[in-house]
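Colleague:
In our numbering, the protein residues as written are 30 to 126.
(1) Could you compute how far the alpha carbon of residue 81 sits from the alpha carbon of residue 70?
(2) Can you tell me whether residue 38 is buried or exposed? The criterion is at least 16 other CB atoms within 10 Å of its CB, across all chains shown.
(3) What residues in its chain sit with their C-beta under 6 angstroms from that of residue 100, if we drop five residues either side in the sequence?
(4) So, under 8 angstroms CB-CB, residue 102 and residue 68 are touching, yes? Tell me the CB distance rounded to an integer number of Å.
(5) Do you know whose CA, among 79, 86, 74, lies nearest residue 54's CA?
(6) Throw me the rounded Cβ distance for the residue 117 and residue 93 pair, which I believe falls under 8 angstroms.
(7) So, for residue 41: in the same chain, excluding its five sequence neighbours on each side, which residues have a beta-carbon less than 8 angstroms away from its beta-carbon?
(8) Just to confirm my understanding: we take residue 31, look at its own chain, exclude 5 residues before and 5 after, and list those with CB closer than 8 angstroms. What are they?
(9) Checking 8 angstroms against the spacing of the C-beta atoms, do residue 115 and residue 34 come in under that value?
(10) DSSP three-state call for residue 46: helix, strand or coil?
This is the structure:
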């Protein structure tokens, strides 16, 4: 888990290939300019990623903008850990309403 969302400096656009320890089943290359693929990519990295993976593959601005929907697609454990760690994410569902 990063200490701050600002540590998330991953890509915002284009095709990204995830390593097999993250994307071990199915698709490994994701076009972040396609909303469905971008959401799948974020779900995988949040569920499978270690600290270095999170910082490398997630982007702070994208995570914050996707969170109101993404929070409904990840496990309760993942959602709670991220929302308990970052107030900005904890209130994202309220801001979207």
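Positions of the beta carbon are idealized from the N, C-alpha and C atoms, including for glycine.
Modeller: A quick look at the data gives this:
(1) Translated into the one-based positions of the chain shown, residue 81 becomes position 52. Translated into the one-based positions of the chain shown, residue 70 becomes position 41. Cα to Cα, the separation comes out at about 16 angstroms.
(2) Translated into positions along the chain shown, residue 38 becomes position 9. When all chains shown are included, residue 38 counts as exposed.
(3) Here the question's residue 100 lines up with position 71 in the chain shown. Result list for residue 100: 108, in chain order.
(4) The residue you call residue 102 lines up with position 73 of the chain shown. The residue you call residue 68 lines up with position 39 of the chain shown. The pair is a contact, with the Cβ atoms about 7 angstroms apart (cut-off 8 angstroms).
(5) Here residue 54 refers to the residue found at position 25 when the chain shown is read from its first residue. Residue 74 is the option with its Cα nearest to residue 54.
(6) Start at 1 with the first residue of the chain shown, and residue 117 comes out as number 88. Start at 1 with the first residue of the chain shown, and residue 93 comes out as number 64. That pair is a contact at about 6 angstroms.
(7) On the chain shown, position 12 is the one that residue 41 refers to. Around residue 41: 61, 88, 90, 91.
(8) As a first step, residue 31 must be located in the chain shown, where it is residue number 2. The residues are 37, 80, 83, 84.
(9) For this step, residue 115 is matched to residue 86 along the chain shown. For this step, residue 34 is matched to residue 5 along the chain shown. A contact, by the Cβ cut-off of 8 angstroms.
(10) Numbered from its first residue, the chain shown carries residue 46 at position 17. Residue 46: strand per DSSP, three-state reduction.
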